[in-house]
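Structure, as structure tokens:
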């Protein structure tokens, strides 16, 4: 059972017989929910980024698996599992980079295959598993925030942190990973201000991270992506904290496009660069980041802002959604079990 705080944002909510998703494409001007009661609608919501952020995608996919299971009308267990795999495959194809998606689908399939009883009972247990994944993600993010407090720089004055994209409550089941560290620092009275990269091309930092900070009263300054080096040179940034969509076993980290260049800039200015993510984001089957699949999205995200076209006809576009930051540029990876240098991640492999 999830106890929802009235002053916190929850992007994925199970209500009675359906899922409510905050429509993140409409923020910050509209705070509205989309009702999802079918698995194919959930797949479309993930693909079109109504719900986004690796942990939130995982939670949504877990509910999507249950919705798909609910749609299967058969009492034959083998037939049910075969058709459930079709639902899983549909959901897997939505966002290839975020490993939490695949992790959550695998957890739901494991529940289905290992549960003893009728198909109806199996479906019931699948729903409980999805709810558990949801609740555990909130607890995990709070633990990540607390772990982050222990590795942030110590200084007499309060800290100014820079973050990229949105790795907050909107990107998780609630509280956030990178923004969870920010929240914990704010609540511990160690934070002076957050600098949020706008994050081209979809502007998640400007639209979503700043919106979350405003909801909680956290002082926030939005900068364009190409202002980060200048801000660091001026001494405005004490540390960078970002999220992750997939982390390889060696610590190489895939995150929103622009993260890699931000890490290089931080290294040049001796600013600590932290990655905050749950253990479910670590893909121990990949030795290094070169093997992480990088999603490419439609060029309209680059040539158009709202209804305004900003590029001339006849030019070509390249729109990778993510880049991979090498482990040697990362000061530490902050997980729910503590923060460690990237080369020490394997101690978590059995968790």
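Numbering (our numbering), first residue to last: 10 to 360.
Where is the CB? At the ideal position from N, CA and C, for every residue including glycine.
Keep in mind the model is a prediction, meaning the values are calculated, not measured.
Measure the Cβ-Cβ separation of residue i and residue j and say whether it is below 8 Å.
i           : j           : result
residue 68  : residue 21  : yes
residue 310 : residue 329 : no
residue 283 : residue 229 : no
residue 63  : residue 253 : yes
residue 104 : residue 56  : yes
residue 246 : residue 280 : yes
residue 153 : residue 287 : yes
residue 38  : residue 32  : no
residue 178 : residue 146 : no
residue 138 : residue 345 : no
residue 80  : residue 47  : yes
How far does the beta strand (DSSP E) with residue i in it reach, from first residue to last?
i           : result
residue 169 : 168-172
residue 332 : 331-334
residue 44  : 42-45
residue 192 : Run containing residue 192: none in the beta strand (DSSP E); it sits in the alpha helix (DSSP H), 187-196.
residue 31  : 27-31
residue 257 : 255-257
residue 232 : 229-232
residue 215 : No beta strand (DSSP E) holds residue 215; DSSP gives it neither H nor E.
residue 182 : Residue 182 -> no beta strand (DSSP E), and no H or E assigned at all.
residue 251 : 248-251
Please state whether DSSP places residue i in a helix, a strand or coil.
i           : result
residue 204 : strand
residue 324 : coil
residue 83  : coil
residue 343 : strand
residue 10  : For residue 10, the pLDDT reaches just 36, beneath the cut-off of 50, and the residue's location in the model is therefore unreliable, although a value from the coordinates is still provided. DSSP places residue 10 in coil when its eight states are reduced to three.
residue 68  : helix
residue 177 : strand
residue 24  : strand
If I follow the unbroken alpha helix (DSSP H) through residue i, where does it start and stop?
i           : result
residue 93  : 86-101
residue 242 : 237-242
residue 60  : That residue, residue 60, is in no alpha helix (DSSP H); it is neither H nor E in DSSP.
residue 223 : 219-225
Under a Cβ-count criterion, where at least 16 other Cβ atoms within 10 Å of its own Cβ denotes burial, should residue i be classed as buried or exposed?
i           : result
residue 65  : buried
residue 264 : buried
residue 15  : Any reading at residue 15 must be qualified, since the residue scores a pLDDT of 48, below 50, and its modelled position is unreliable; the value itself is stated next. Residue 15 comes out exposed.
residue 221 : buried
residue 324 : exposed
residue 342 : buried
residue 289 : buried
residue 319 : exposed
Using 7 Å as the cut-off, classify the Cβ of residue i as near or not near the heavy atoms of the ligand COA, replying yes or no.
i           : result
residue 168 : Questions concerning the ligand COA fall outside what the structure shown contains, since it holds no ligand whatsoever.
Review point. What are the complete beta strand (DSSP E) segments, minimum 3 residues, inside the region 104-159?
Key: If only complete runs of 3 or more residues are kept, the region 104-159 shows no beta strand (DSSP E) anywhere.
Practice item. Please specify which runs of the alpha helix (DSSP H), each continuous and at least 4 residues long, are wholly inside the region 259-317, giving them in chain order. Key: Counting only runs of 4+ residues, the alpha helix (DSSP H) found wholly inside the region 259-317 occupies 268-277, 309-312, in chain order.
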